[in-house]
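Working notes, beginning with the structure itself.
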Amino acid sequence: MARLLQIAGSRKRLLVLSGILAVVHALLALTPYLLIYAIIRSLLGPGPDMALIRYYIVWAIACVTGAYMLLYASGMASHVAAFNILYELRKQMADKLGKLPLGFINRNNSGVLKKILADDIERIENFIAHTIPDFVKCAAMPLITLGYLFTVDWRLALASCVPIILVAVSVPLMFNKKKMAMLTDYHNSLEHMNAVVVEYIRAMPVVRIFGHTGESFDRYSNAVFHFRKMVDAFIRRTSVAYGVFSSFVSNATLPVLAVGLYFYFRNGLELPVLFLFLILGVGYIRPLFALHNLGAQLSVINHGVKRLDEILFEHEQETGGNERLPDDFSIRFDNVSFSYEGKREALSHVSFKVLQGTVTALVGPSGAGKSTVGQLIARFWDVKEGRILIGGTDIRQISPERLMADVSFVFQDSFMFGQSIYENVRMGMDKTEEEIIAAAKAARCHDFIAALPHGYQTRWGSRGVHLSGGEQQRIQLARAILKDAPILVLDEATAFSDPENEYLIRQAFSKLIENKTVIVIAHRLSTIVDSDQIIVIDKGTVADIGEHAELLDNCEVYRQLWHAHIRAKEFTI
Ligand SMILES: Nc1ncnc2c1ncn2[C@@H]1O[C@H](COP(=O)(O)OP(=O)(O)OP(=O)(O)O)[C@@H](O)[C@H]1O
1 MARLLQIAGS RKRLLVLSGI LAVVHALLAL TPYLLIYAII RSLLGPGPDM ALIRYYIVWA
61 IACVTGAYML LYASGMASHV AAFNILYELR KQMADKLGKL PLGFINRNNS GVLKKILADD
121 IERIENFIAH TIPDFVKCAA MPLITLGYLF TVDWRLALAS CVPIILVAVS VPLMFNKKKM
181 AMLTDYHNSL EHMNAVVVEY IRAMPVVRIF GHTGESFDRY SNAVFHFRKM VDAFIRRTSV
241 AYGVFSSFVS NATLPVLAVG LYFYFRNGLE LPVLFLFLIL GVGYIRPLFA LHNLGAQLSV
301 INHGVKRLDE ILFEHEQETG GNERLPDDFS IRFDNVSFSY EGKREALSHV SFKVLQGTVT
361 ALVGPSGAGK STVGQLIARF WDVKEGRILI GGTDIRQISP ERLMADVSFV FQDSFMFGQS
421 IYENVRMGMD KTEEEIIAAA KAARCHDFIA ALPHGYQTRW GSRGVHLSGG EQQRIQLARA
481 ILKDAPILVL DEATAFSDPE NEYLIRQAFS KLIENKTVIV IAHRLSTIVD SDQIIVIDKG
541 TVADIGEHAE LLDNCEVYRQ LWHAHIRAKE FTI
């Protein structure tokens, strides 16, 4: 609750207002019962005063109306606060995700992130908008009622407390530490199920093709069964205590009725007082049910808030507080070592230099660390040892915005947004229509875009159009051409292209790399033989650096790669 109030920030005042309105609502909702009590007294007394009774009825109706108006106002205040908090939270999360290393996003399963960003935040809204006012109301109602009942007859008031005392004993039994730990397991299991479901759906095409439907379904169904087991075990553990709790609450009349009847027959307790206790002495127990539900909800929220905080407090990439601009766009790896999540080193003592305006190819066997080198330049991750310099400046001292503006990355897979093709090329950059079309022309995509049903305004996605893999690659190139960053990292961008597409991509490339510092991560060695330099990476280290002919003479790893490449080219089915 404290953390939620902290998250609420300046909206706390609205929440307090909502709470105050809920308390006044509770007071007003109680008043009609007191008026009914007065009416019964009057009716049972000698010569009832009908004018007074009518007066009480009018007041009772006014109080009920007022109570509901206040409840509405309280709900309004809490909703306005909740939606504002929701907005702030989503903004904070988006801002934070933008500052985290991109590797963090890669590392986390998209199903889990989706649950945190969509479901957990949504639940917080629900909690703040509904549960907080309900909580105040449910806590205020019994307190006010009980206080009043003690002023009427302390003996019956004490009797009406019996169910509360029993509840106070049974609830901690229900939520001891062990069961709270079970709740955490329950939430983890729910998260796991979410992740598996997302994977199951996303992997469906691959799974079908490879005939692993049974295996994949097993993972899915195991996750669902595990979740069911968790729920089952939790319900088994708590059902007895819950049964005791609900029977106390449902039969709360009994102690008041027994003690009331006793005093009525023995001590001449007034009938209206007995009625009052039978109505109010039981009515105030009901909100306890709601309080109990709130306990369960609180644990769900608690888990969600913890998950949100894991992201909000995740270590951000720092710029060392001493931001500098690069002097030029050369790149230097200075004794760089790096491992993913502290495991085996993916790169070990890697040093090389890339001059401004030159093309460098990274080659090496699969898993050697080529993509890692590329990703480190864009600071997807931070190095463990050594440093990476752009124009003489350590990239950790360049602001992330500057670094992102200076480096373009063409990935192996292109991602298309569910927007128009125009917006997919523009990618939020501040560019004119002419510039966008010029970039599309340079990337050889203008012709196929123009042939789409609505040209550049055609929407990508389920109800729009789909483009071939090669066309999507060219859209990626158009983005990079439009961005016009001085440094370009190309990760196997030409792989898997058909000859026609490859020809077009090559044309787009030559336009893209003009006057840029380029690093190409390539498997098809024939495409990079003319590079200014070739860096051979093997098992996370630099095996050799040089031009194609030199490396063929001197580097065994390169020679093997080259021969494998030639054999692959000559291979026919
Ligand atoms: N996100 C990641 N988390 C953990 N380990 C990773 C991750 N990405 C790569 N690795 C590991 O780091 C090592 C280097 O991988 P990298 O992708 O850089 O090699 P590569 O030379 O680009 O391979 P390929 O040519 O097959 O794409 C490999 O052992 C790989 O398993």
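Residue numbers (UniProt numbering): 1 to 573. We put the CB at the ideal spot given by N, CA and C, even for glycine. Fair warning: this is a prediction, and the values are worked out from it, not measured in the lab.
Determine the burial state of Glu191: buried for a count of at least 16 other Cβ atoms within 10 Å of its Cβ, exposed for fewer. As a first step, residue 191 must be located in the sequence shown, where it is residue number 191. Buried, because 16 or more other Cβ atoms sit within 10 Å of the Cβ of Glu191.
Ala508 versus Leu113 - alpha carbon distance: Taking the sequence shown and counting its residues from 1, one reaches residue 508 at position 508. Taking the sequence shown and counting its residues from 1, one reaches residue 113 at position 113. A direct Cα-Cα distance of roughly 36 angstroms separates Ala508 from Leu113.
Can you tell me whether DSSP reads Asn251 as helix, strand or coil? Here the question's residue 251 lines up with position 251 in the sequence shown. Under the three-state reduction of DSSP, Asn251 is assigned to coil, being neither helix nor strand.
CA nearest to the CA of Arg41, picked from Asp382, Ile390, Val273 and Phe329: Counting from one through the sequence shown, the residue named residue 41 turns up at place 41. The residue with the shortest Cα to Cα distance from Arg41 is Val273.
What do you reckon, is the C-beta of Gly461 under 6 angstroms from a heavy atom of ligand 1? Residue mapping note: residue 461 aligns to position 461 of the sequence shown, counting from 1. No, the beta carbon of Gly461 sits no closer than 6 angstroms to any heavy atom of ligand 1.
Hey, how far is the Cα of Phe225 from the Cα of Asn188? Here residue 225 refers to the residue found at position 225 of the sequence shown. Here residue 188 refers to the residue found at position 188 of the sequence shown. Straight-line spacing of the CA atoms in Phe225 and Asn188 works out to 14 angstroms.
Compute the beta-carbon to beta-carbon distance between Ile534 and Gly546, rounded to the nearest angstrom, for a pair I have assumed lies under 8 angstroms. Numbered from 1 along the sequence shown, position 534 holds the residue referred to as residue 534. Numbered from 1 along the sequence shown, position 546 holds the residue referred to as residue 546. About 6 angstroms; that satisfies the 8 angstroms criterion.
Nearest to Ile437 (by Cα), restricted to the options Gly418, Gln419 and Gln457: As a position in the sequence shown, residue 437 is number 437, starting the count at 1. Residue Gln457 is the option with its Cα nearest to Ile437.
Should Ser371 be listed as close to ligand 1, given that the test is whether its C-beta is under 6 angstroms from any heavy atom? Against the sequence shown, residue 371 aligns to sequence position 371. Ser371 Cβ: within cutoff of ligand 1.
Measuring only from the beta carbon, is Ser366 closer than 6 angstroms to any heavy atom that is part of ligand 1? Walking along the sequence shown from the start, residue 366 turns up at place 366. Checking every heavy atom of ligand 1 against the Cβ of Ser366, one is found closer than 6 angstroms.
Answer yes or no: the CB of residue 575 versus the heavy atoms of ligand 1, is any distance below 6 angstroms? What the structure shows of the chain is the stretch from 1 to 573, and residue 575 is not part of that stretch, so it cannot be assessed.
Give the range of the beta strand (DSSP E) segment to which Phe199 is assigned. What you label residue 199 is simply residue 199 of the sequence shown in a count that begins at 1. Per the sequence shown, the amino acid found at residue 199 is Glu instead of Phe. Looking at the DSSP string, Glu199 is not in any beta strand (DSSP E); the run it does join, the alpha helix (DSSP H), is Lys177 to Arg202.
Could you name the residues that DSSP lists as bridge partners for Phe411? Taking the first residue of the sequence shown as position 1, residue 411 is located at position 411. None; Phe411 has no bridge partner.
Since Leu334 sits in a beta bridge, which residues does DSSP pair it with? As a position in the sequence shown, residue 334 is number 334, starting the count at 1. Here the sequence assigns Asp to residue 334, which means Leu is not the residue at that position. Per DSSP, Arg387.
Reduced DSSP secondary structure (H/G/I, E/B, other) of Glu314: Numbered from 1 along the sequence shown, position 314 holds the residue referred to as residue 314. Residue state, collapsed to three classes: coil.
Identify which residue in Ala450, Ala140 and Phe127 has its Cα closest to the Cα of Leu467. Position 467 of the sequence shown, counted from the first residue, corresponds to residue 467. The residue with the shortest Cα to Cα distance from Leu467 is Ala450.
In the DSSP assignment, find the unbroken beta strand (DSSP E) run with Phe127 in it and report its ends. The sequence position of residue 127 within the sequence shown is 127, counting from 1. For Phe127, there is no enclosing beta strand (DSSP E), as DSSP gives it neither H nor E.
What separation, rounded to the nearest whole angstrom, lies between the Cα atoms of Arg426 and Ala442? Reading the sequence shown from its first residue, position 426 is the one you call residue 426. Reading the sequence shown from its first residue, position 442 is the one you call residue 442. Rounded to whole angstroms, Arg426 to Ala442 spans 14 angstroms at the Cα level.
Rounded separation between Pro46 and Phe275 - CA only: Within the sequence shown, numbered from 1, the residue matching residue 46 stands at position 46. Within the sequence shown, numbered from 1, the residue matching residue 275 stands at position 275. Spanning the two alpha carbons is a distance of roughly 18 angstroms.
Between Asn108 and Leu71, what straight-line distance do the alpha-carbon atoms span, to the nearest angstrom? In the sequence shown, residue 108 corresponds to position 108, counting from 1. In the sequence shown, residue 71 corresponds to position 71, counting from 1. Cα to Cα, the separation comes out at about 42 angstroms.
Apart from the five residues just before and just after Gln317, which ones in its own chain have a Cβ nearer than 6 angstroms to its Cβ? Indexing the sequence shown from 1 puts residue 317 at position 317. Excluding residues within five positions, the ones whose Cβ falls inside 6 angstroms are Pro101.
Going by the DSSP bridge assignment, what does Phe352 pair with across the sheet? What you label residue 352 is simply residue 352 of the sequence shown in a count that begins at 1. According to DSSP, Phe352 bridges with Phe333.
Short of 8 angstroms in beta carbon distance, which residues of its chain neighbour Phe496, apart from the five on each side in sequence? Order them along the chain. The residue you call residue 496 lines up with position 496 of the sequence shown. Note that Phe496 has pLDDT 48, beneath the 50 cutoff, so the model's placement of it is unreliable and the number below is only indicative. Result list for Phe496: Gly469, in chain order.
Could you have a look at Gln472 and say whether DSSP puts it in helix, strand or coil? In the sequence shown, residue 472 corresponds to position 472, counting from 1. Note: Gln472 maps to helix in three-state DSSP.
Using DSSP with H/G/I as helix, E/B as strand and the rest coil, what is Gly392? The residue given as residue 392 occupies position 392 in the sequence shown. Coil, per DSSP.
I need the straight-line Cα distance from Pro32 to Met50, nearest angstrom please. Sequence index remark: in the sequence shown, residue 32 carries index 32 (1-based). Sequence index remark: in the sequence shown, residue 50 carries index 50 (1-based). Cα-Cα distance, rounded: 17 angstroms.
In terms of residue numbering, what span does the alpha helix (DSSP H) encompassing Asp538 cover? What you label residue 538 is simply residue 538 of the sequence shown in a count that begins at 1. Not the alpha helix (DSSP H): Asp538 falls in the beta strand (DSSP E), residues Gln533 to Asp538.
Can you find the residues in the same chain that come closer than 7 angstroms, C-beta to C-beta, to Val80, ignoring five residues on each side of it along the sequence? Sequence index remark: in the sequence shown, residue 80 carries index 80 (1-based). If we look at Val80 and ignore the five residues flanking it on each side, its Cβ neighbours are Leu14.
Given that a residue counts as buried once 16 or more other Cβ atoms are within 10 Å of its Cβ, and exposed if not, what is Thr360? Numbered from 1 along the sequence shown, position 360 holds the residue referred to as residue 360. Per the 10 Å Cβ criterion, buried.
Looking at the secondary structure, which residues open and close the beta strand (DSSP E) in which Ile513 lies? Position 513 of the sequence shown, counting from 1, holds the residue named residue 513. First-last for Ile513: undefined, no H or E at that position.
Residues in its own chain within less than 7 angstroms of Arg559 by CB, not counting five upstream and five downstream? Reading the sequence shown from its first residue, position 559 is the one you call residue 559. Correct list, in chain order: Leu552.
Does the segment 232-248 touch the segment 128-142, meaning 3 or more C-beta pairs lie closer than 8 angstroms? no
So is Asn515 buried or exposed if we call it buried at 16+ other beta carbons inside 10 Å? Looking up residue 515 in the sequence shown gives position 515. Answer is exposed; the Cβ neighbour count stays below 16.
Please confirm if the segment 242-251 is in contact with the segment 203-212, defined as three or more CB-CB distances below 8 angstroms between the two stretches. no
Taking the CB atoms as reference points, tell me whether Gly19 and Leu156 lie closer together than 7 angstroms. For the purposes of this step, residue 19 is taken as the residue at position 19 of the sequence shown. For the purposes of this step, residue 156 is taken as the residue at position 156 of the sequence shown. No.
Based on the DSSP output, what are the partners of Asp361 in its beta bridges? As a working mapping, residue 361 is identified with position 361 in the sequence shown. The amino acid occupying residue 361 in the given sequence is Ala; Asp does not appear at that position. Paired residues: Val520 and Ile534.
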